[in-house]
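Contents: one structure, followed by commentary.
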Amino acid sequence: MELYTIGHSDRSIETLIGLLKQYDIAALADVRSHPYSRYLPHFNQSSLKTRLQTAGIQYVFLGRELGARPSNSEYYIEGKALYEKIAATELFSQGIQRLLTGLKTYKIALMCAELEADCRGD
27 MELYTIGHSD RSIETLIGLL KQYDIAALAD VRSHPYSRYL PHFNQSSLKT
77 RLQTAGIQYV FLGRELGARP SNSEYYIEGK ALYEKIAATE LFSQGIQRLL
127 TGLKTYKIAL MCAELEADCR GD
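Quick note, the sequence shown lines up with residues 27 to 148 if you use my numbering.
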């Protein structure tokens, strides 16, 4: 079971889809807490989903479960996210389970906004 990651950064939608196809990705799991981009509207949830479906790639939004910026203030201290606390939630566990179930059928890439995979939203 392999899980891929990709960040949209300032890529074009064509570049993103090309990379997904290059690695035979069948489903993209969007883990952005807020699946919208003021500067890159082609990465807004509805636009992205439509373009991916046209390219034969499934779109799944998991930002509610796996996103780094939950809406509940109890997961922050002085504006800094408490990732260990977030990862210990039932919602996060449900998101991981959905991912593991999906990996049995699909080759999946997790997508966030950042180009570099070592960013944790800090």
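Heads up, the beta-carbon is just placed ideally off N, CA and C, and yes, glycines get one too.
Extent of the continuous alpha helix (DSSP H) to which residue i belongs
i, result
"A92", "Contrary to the premise, residue 92 reads as Leu rather than Ala in this sequence. Counting along the chain, the alpha helix (DSSP H) containing L92 begins and ends at 89–92."
"I122", "116–129"
"E40", "39–48"
Cβ neighbours of residue i in the same chain (closer than 6 Å, five flanking residues each side left out)
i, result
"L177", "Because residue 177 is not part of the residues shown, which for the chain are 27 to 148, the question remains open."
"R88", "Before going further, note that residue 88 is Leu rather than Arg in the sequence given. So the qualifying residues of the chain are A55, V57, G121."
Identified DSSP bridge partners for residue i
i, result
"I103", "K106"
"G33", "C138"
"L57", "According to the sequence displayed, residue 57 carries Val and not Leu. DSSP, once it has assigned bridges, lists no residue as partnering V57."
"Q84", "A53"
Test item: CB-CB of residue i and residue j under 9 Å
i, j, result
"G121", "A53", "no"
"I43", "I83", "yes"
"I51", "A135", "yes"
"L74", "Y65", "no"
"M137", "T31", "yes"
Alpha-carbon spacing of residue i relative to residue j, whole angstroms
i, j, result
"A139", "A81", "20 Å"
"P96", "I112", "8 Å"
"L125", "G105", "28 Å"
"Q123", "K130", "11 Å"
"I39", "T76", "11 Å"
"L45", "G33", "11 Å"
"Y49", "N98", "36 Å"
"P61", "F69", "8 Å"
"P67", "R37", "12 Å"
"S63", "E100", "25 Å"
"Q79", "S35", "20 Å"
"T115", "K47", "33 Å"
Cβ shell of residue i (< 7 Å), same chain only, five flanking positions each side left out
i, result
"G93", "V57, R58, S59"
Residues of its chain near residue i, where Cβ-Cβ distance is below 8 Å and the 5 sequence neighbours each way are ignored
i, result
"K133", "E28, Y30, Y49, D50, I51, A52, A53"
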